[in-house]
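Protein chains in written order, with this note's numbering: chain V, 1 to 198; chain R, 199 to 396.
We put the beta carbon where it would ideally sit given N, CA and C, even for glycine.
Predicted model, so just to flag it, every value in this text is computed and none were measured.
Structure record follows, encoded as structure tokens.
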DNA sequence: GGGTACATGTAATCAGTTACATGATTTA
DNA sequence: TAAATCATGTAACTGATTACATGTACCC
């Protein structure tokens, strides 16, 4: 059997969570959750689904007319493959592609580029603020109020599921980005301290 | 003229910084710096360089024998295109692909999956610690000691160039990851608080 | 001088992106 | 009912990954 990519498991995992769905519904689910830590554009869903069908991990069912919608479902083989991946050894891959940081890297140092850097920072800041707001909305529904138990209680909200924990990471990432670009905007790139919290 | 991707600017930018170089040297530079926020595998350098040569932004010069090494240099058109990109409007794209978070997302909630989650967290933690150590090494050379001027002085080390500032972001990201997976390892996914610092 | 690690490139395959086309549903 | 928007799919193209092949230097 071939070896499947992480993108394949995005599809398998979501299918397990939701039962049968359409590619479009998968796309929506991805945008709001997994897409934040596994970029996965809509058009790839079709390709990935086709591959999974070819290998017998998913079945598809198409409407005969109209928009010829597909409905995807897991097969037993699909469920097994997913379970195996979830319990198997994890590779460590964190790939980031952030055009803002790339531009920052290539800016001239010294005061000549200061205005450019500032403009870049302001732009990036706005974008990350927007993203942060997104997360807050999404997480609001995944959050539960503080448990009464004083042993486990900290301050703030807590999550109950691994899903919500992953999203919490995304939220923290955006907070980091906002803090970073704020510093750059206010003090210029030369004032960025690698560890502000120490 | 066609529109160039961010990967193209990675090559152009590095060529400007270093004068003429070989694809291999570019690769090494990327691994240690830009690769952290713009994933760019070695084999793509050849493809990208070829494209840039085709469009006249780069010239290449090949050894006649032996390993037929290339030497790449910027043309004036290349320098111009780079300058234009650096001053032009920035898109906001932050794509992340992190297999660890993906797995976490799909873990079962409840106590049944706790051991899996723990193992995952320990693995990811180790990997991110390694990455963090990397950054510390790379940044040590980009760091300057605190300036004496009390107006701009904070606590800790400061950076002088946009390059170092970008890397500082990477370092903070790894610190975030380490903190996150530590929490998951210690308390399970259900104990992750979205905003520990509040 | 043979082994190991580093350096360099190519071609085939696979994944991802863009651009487009069309069907359904809501709303003015 | 026309316009706008949401839903759905395909095909052509470009970018990325893998696997391989070979050259060069170092070191024992």
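Chain-ordered chain R contacts of residue i [CB-CB under 8 Å]
{"i": "residue 123 of chain V", "result": "287, 288 and 290"}
{"i": "residue 78 of chain V", "result": "By Cβ distance, chain R contributes nothing, its closest Cβ being about 13 Å from residue 78 of chain V, past 8 Å."}
In DSSP terms, what residue i is bridged to
{"i": "residue 269 of chain R", "result": "R:259"}
{"i": "residue 296 of chain R", "result": "V:94"}
{"i": "residue 219 of chain R", "result": "R:270"}
{"i": "residue 236 of chain R", "result": "V:97"}
Beta-carbon proximity list for residue i, same chain, < 6 Å, skipping 5 on both sides
{"i": "residue 311 of chain R", "result": "305"}
{"i": "residue 53 of chain V", "result": "60"}
Same chain, Cβ closer than 7 Å to residue i, five either side skipped, listed in chain order
{"i": "residue 322 of chain R", "result": "298 and 379"}
{"i": "residue 222 of chain R", "result": "none"}
{"i": "residue 121 of chain V", "result": "181, 184 and 185"}
{"i": "residue 174 of chain V", "result": "128, 131, 132 and 135"}
{"i": "residue 353 of chain R", "result": "Caution is warranted here: a pLDDT of 40 is assigned to residue 353 of chain R, below 50, making its placement in the model unreliable, and the coordinate value is therefore given only provisionally. The answer is none, since no qualifying residue turns up."}
{"i": "residue 178 of chain V", "result": "125, 128, 129 and 132"}
Spatial distance of residue i from residue j (CA atoms)
{"i": "residue 137 of chain V", "j": "residue 70 of chain V", "result": "30 Å"}
{"i": "residue 160 of chain V", "j": "residue 332 of chain R", "result": "33 Å"}
{"i": "residue 38 of chain V", "j": "residue 314 of chain R", "result": "20 Å"}
{"i": "residue 248 of chain R", "j": "residue 264 of chain R", "result": "20 Å"}
{"i": "residue 2 of chain V", "j": "residue 12 of chain V", "result": "15 Å"}
{"i": "residue 214 of chain R", "j": "residue 278 of chain R", "result": "11 Å"}
{"i": "residue 56 of chain V", "j": "residue 35 of chain V", "result": "25 Å"}
{"i": "residue 77 of chain V", "j": "residue 63 of chain V", "result": "24 Å"}
{"i": "residue 228 of chain R", "j": "residue 32 of chain V", "result": "31 Å"}
{"i": "residue 162 of chain V", "j": "residue 272 of chain R", "result": "48 Å"}
{"i": "residue 98 of chain V", "j": "residue 365 of chain R", "result": "12 Å"}
{"i": "residue 14 of chain V", "j": "residue 176 of chain V", "result": "28 Å"}
{"i": "residue 140 of chain V", "j": "residue 171 of chain V", "result": "12 Å"}
{"i": "residue 193 of chain V", "j": "residue 82 of chain V", "result": "42 Å"}
{"i": "residue 90 of chain V", "j": "residue 110 of chain V", "result": "43 Å"}
{"i": "residue 284 of chain R", "j": "residue 290 of chain R", "result": "14 Å"}
{"i": "residue 256 of chain R", "j": "residue 282 of chain R", "result": "16 Å"}
{"i": "residue 21 of chain V", "j": "residue 27 of chain V", "result": "10 Å"}
{"i": "residue 388 of chain R", "j": "residue 164 of chain V", "result": "8 Å"}
{"i": "residue 118 of chain V", "j": "residue 68 of chain V", "result": "50 Å"}
{"i": "residue 302 of chain R", "j": "residue 169 of chain V", "result": "11 Å"}
{"i": "residue 217 of chain R", "j": "residue 88 of chain V", "result": "46 Å"}
{"i": "residue 187 of chain V", "j": "residue 294 of chain R", "result": "27 Å"}
Under 9 Å from the C-beta of residue i: neighbouring residues of chain R
{"i": "residue 47 of chain V", "result": "The premise fails here: residue 47 of chain V is roughly 17 Å from chain R at the closest Cβ pair, so nothing lies under 9 Å."}
{"i": "residue 163 of chain V", "result": "302, 303, 304, 305, 307 and 387"}
{"i": "residue 42 of chain V", "result": "Ordered by position in chain R, no residue passes the 9 Å Cβ test against residue 42 of chain V, which lies about 14 Å from the chain."}
{"i": "residue 33 of chain V", "result": "303"}
{"i": "residue 96 of chain V", "result": "234, 235, 236, 237, 292, 293, 294, 295, 296, 368 and 371"}
Distance cut-off 8 Å: residue i Cβ against heavy atoms of the ligand SAM
{"i": "residue 318 of chain R", "result": "In the structure on display, the ligand SAM does not appear, and there are no ligands present to speak of."}
Per-residue contacts from residue i into chain V (C-beta, under 7 Å)
{"i": "residue 202 of chain R", "result": "Chain V residues near residue 202 of chain R: none, gap ~12 Å exceeds 7 Å."}
{"i": "residue 299 of chain R", "result": "37, 166 and 169"}
{"i": "residue 382 of chain R", "result": "165"}
{"i": "residue 325 of chain R", "result": "92"}
Chain V residues whose Cβ lies nearer than 8 Å to that of residue i
{"i": "residue 314 of chain R", "result": "86 and 87"}
{"i": "residue 358 of chain R", "result": "109 and 190"}
{"i": "residue 208 of chain R", "result": "102"}
Closer than 7 Å at the beta carbon, the chain R residues around residue i
{"i": "residue 176 of chain V", "result": "370, 371 and 374"}
{"i": "residue 120 of chain V", "result": "288"}
{"i": "residue 13 of chain V", "result": "304"}
Under 9 Å from the C-beta of residue i: neighbouring residues of chain V
{"i": "residue 336 of chain R", "result": "Those do not exist, as residue 336 of chain R stays about 11 Å from chain V at its closest Cβ, beyond 9 Å."}
Neighbourhood of residue i by C-beta, 8 Å cutoff - its chain only, sequence neighbours within 5 removed
{"i": "residue 94 of chain V", "result": "none"}
Taking three-plus beta-carbon pairs below 8 Å as touching, is the region 201 to 218 of chain R in contact with the region 234 to 248 of chain R? yes
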